[in-house]
Amino acid sequence: MTKQQVTVLIGPACTGKSTFVQRSKFDYVVSSDDIVEKIINDHNLTYREFFELEFNHPIRREQRSLFFKSVQESKKYKNIVWDLTNLTKANRQKIFKHYPNAEFHAIEFVFKNKEYFILKTCRERYQETGKFIPEDTLKAMFDKYEPVSRLEGFDTISREEALPASVLILDDEDFDIHAPHLNAAEHVKSLKEFLDSYFPYISDLDGYDDVFKENEYSILCAVHDLSALTMKHHNLYVVLM
Numbered sequence: 001m002t003k004q005q006v007t008v009l010i011g012p013a014c015t016g017k018s019t020f021v022q023r024s025k026f027d028y029v030v031s032s033d034d035i036v037e038k039i040i041n042d043h044n045l046t047y048r049e050f051f052e053l054e055f056n057h058p059i060r061r062e063q064r065s066l067f068f069k070s071v072q073e074s075k076k077y078k079n080i081v082w083d084l085t086n087l088t089k090a091n092r093q094k095i096f097k098h099y100p101n102a103e104f105h106a107i108e109f110v111f112k113n114k115e116y117f118i119l120k121t122c123r124e125r126y127q128e129t130g131k132f133i134p135e136d137t138l139k140a141m142f143d144k145y146e147p148v149s150r151l152e153g154f155d156t157i158s159r160e161e162a163l164p165a166s167v168l169i170l171d172d173e174d175f176d177i178h179a180p181h182l183n184a185a186e187h188v189k190s191l192k193e194f195l196d197s198y199f200p201y202i203s204d205l206d207g208y209d210d211v212f213k214e215n216e217y218s219i220l221c222a223v224h225d226l227s228a229l230t231m232k233h234h235n236l237y238v239v240l241m
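Numbering follows UniProt numbering, with no gaps: position 212 of the sequence shown is 212.
See below:
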């Protein structure tokens, strides 16, 4: 008899987990997002209003009840995925008890050094969809994360890059692109200072300093070469707005 296959996705919000699920084939998805979506529609709430409710509010209790029912329903299926953050060992251990004879597979979404872009993606998602996650909550997720280990009981562990083929859009919110008082060389310097500040890992890339030396008088050339460099190493495009 074929064992149940349980895949546990691990990573903060806005790192591409749900996108991964959409392009994969699972029989059943355990997801609190789907339940929250149903509840806010049923009760005519916004995401912000829902998450500001007290833990023991009847609507929050309804959410937990529906989630429990979803977990029970999942036990009828062979290929199950848990699409939650699952950031700590304690969170992950709770999953094992539901499927005593299953094989467990962890997929970790690697987000280190992408925190700034994840925060920005979360803000943009809120503007586009109304899905609300406070920035402090997302930062707490970064800090809360505990690396996954086979010792937890997983049969396999694999890794996905968070936000694959991401686009880092640089605009006036990031640094003063269009400032009339800066000349071209000063714009390029401003770009480098911004990147050094928010992406401390980036200066370690071979060829990083050359991008700015070779393009000292053209910010467009600097962005073009920077995009090629980061895409090669970090699956990240850079676009200047």
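Using N, Cα and C, we set each Cβ at its ideal position, and we do this for glycine too.
{"Check": "Assigned secondary structure, P80 (DSSP; H/G/I helix, E/B strand, else coil)", "Outcome": "The question names Pro, but residue 80 in the sequence shown is Ile. In this structure, I80 counts as strand in the three-state DSSP scheme."}
{"Check": "Strand pairing of S158, partner residues [DSSP]", "Outcome": "I107"}
{"Check": "Pick from L84, I95, A90 and K89 that is closest to Q72, judged by C-alpha positions", "Outcome": "I95"}
{"Check": "Simplified DSSP assignment, three categories, for L170", "Outcome": "strand"}
{"Check": "The region 9-29 in contact with the region 120-133 per 3-pair CB rule at 8 Å", "Outcome": "yes"}
{"Check": "Stretch-stretch touch, CB-based, cutoff 8 Å, three pairs: the region 97-106 with the region 47-65", "Outcome": "no"}
{"Check": "The ligand MN heavy atom lying under 7 Å from the CB of I10", "Outcome": "Inclusion of the ligand MN in the displayed structure is not the case, the ligand content being empty and no account of it being possible."}
{"Check": "Residue of V188, K139, K112 and F109 minimising C-alpha distance to C122", "Outcome": "K139"}
{"Check": "When S197, V238, L191 and S227 are compared against Y217, the one with the closest alpha-carbon", "Outcome": "L191"}
{"Check": "Span separating the alpha-carbon of A222 from that of F111", "Outcome": "25 Å"}
{"Check": "C-alpha gap between H57 and V36, whole angstroms", "Outcome": "14 Å"}
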